[in-house]
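Asker: I'd like to ask some things about the structure below.
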Amino acid sequence: MKLAIYPGTFDPITNGHLDILERAAAVFETVYIAVANNIHKDPLFSTEERIRMIKSCTLHYPNVRIAQFDGLVVDLAQEVGASIIIRGLRAISDFDYEFQMALMNRHMNDKIDTVFFMPHEDYTYLSSSTVREIVRLGGDVSAFVPKYVKEELIRKLRNTQ
Ligand code: ADP
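With the numbering used here applied, the sequence shown corresponds to residues 195 to 355, in that order.
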């Protein structure tokens, strides 16, 4: 049985992320969702807000933990004793970037492998940035994010205009 980490920005977490998480949690003993502080990406939500949203929709998974990190994913993996990095592959467009990352991470630590999961086809075109844009423009994202996340998006994006 192995520990895995699922790193990402999760700005905010979507049903696509949750689909990948559910598949990973069914395979690995423990899955750490690793939330990147990612200051250079200028996230809409603070790390604390992103973690609060993740917590609210993962409470029912007994083997999911949440961590935040600043540095390299491989260093965090080593720190928590994880030998697997989980990533999601939506379409071919993800492949090139994910392939580079996986090989680079293996170059830095060859004891850590990347495992990819494919989401349900409903989530193939879903991304956090699309969801943010839809809310910004007044659209409904109920099919793409949990209710609490939708409310947080509306609070953040519509009250500031
Ligand atoms: P990052 O900034 O590291 O890309 P994201 O939060 O955007 O962080 O994504 C984290 C991981 O989740 C990535 O592997 C990404 O491909 C995957 N992912 C994001 N959205 C989906 C989705 N709709 N279906 C499957 N995987 C997804």
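Note that the Cβ used here is the ideal one computed from N, Cα and C, for glycine as well. Keep in mind it's a predicted model, so treat the numbers as computed, not measured.
How close, in whole Å, do the beta carbons of I279 and V225 come, if the pair is a contact with beta carbons under 8 angstroms?
Answerer: The sequence position of residue 279 within the sequence shown is 85, counting from 1. The sequence position of residue 225 within the sequence shown is 31, counting from 1. Not confirmed; about 11 angstroms, so no contact.
Asker: Sort P313, G282, M302, C251 by Cα distance to Y357 and report the nearest one.
Answerer: This structure gives no information on residue 357, because the portion of the chain shown stretches from 195 to 355.
Asker: For D304, name the three-state secondary structure that DSSP assigns.
Answerer: Mapped onto the sequence shown, residue 304 falls at position 110. If DSSP states are grouped into helix, strand and coil, D304 belongs with coil.
Asker: Pairs of beta-carbons, one from the segment 237 to 249 and one from the segment 333 to 348, closer than 8 angstroms: are there three or more?
Answerer: Segments in contact, yes.
Asker: Please tell me whether, using a cut-off of 8 angstroms, the distance from the CB of A230 to the nearest non-hydrogen atom of ligand 1 is below it.
Answerer: Mapped onto the sequence shown, residue 230 falls at position 36. Yes, the beta carbon of A230 sits closer than 8 angstroms to at least one heavy atom of ligand 1.
Asker: Ligand 1 heavy atoms versus the CB of D213: any closer than 8 angstroms?
Answerer: Numbered from 1 along the sequence shown, position 19 holds the residue referred to as residue 213. Because some heavy atom of ligand 1 lies under 8 angstroms away, the Cβ of D213 counts as near it: yes.
Asker: Name the one or two DSSP bridge partners that I227 has.
Answerer: Your numbering for residue 227 matches position 33 in the sequence shown. In DSSP, I227 forms a bridge with Y200, I260.
Asker: Is there at least one non-hydrogen atom of ligand 1 closer than 8 angstroms to the beta-carbon of P313?
Answerer: Your numbering for residue 313 matches position 119 in the sequence shown. Yes, ligand 1 has a heavy atom inside 8 angstroms of this Cβ.
Asker: When DSSP labels each residue in this structure, what does Q355 get in the three-state scheme?
Answerer: Along the sequence shown, read from residue 1 onward, the residue named residue 355 stands at position 161. Low confidence applies here, because Q355 scores a pLDDT of 47, under 50, leaving its location unreliable and the question unanswered by this model.
Asker: Going straight from the alpha carbon of M298 to that of S323, what length do you get?
Answerer: As a first step, residue 298 must be located in the sequence shown, where it is residue number 104. As a first step, residue 323 must be located in the sequence shown, where it is residue number 129. Distance between the alpha carbons of M298 and S323 is about 25 angstroms.
Asker: Can you check which of these residues, L238, Y317, A276, R352, is closest to D304 by C-alpha distance?
Answerer: Within the sequence shown, residue 304 is the residue found at index 110, counting from 1. Minimum Cα distance to D304 is reached at A276.
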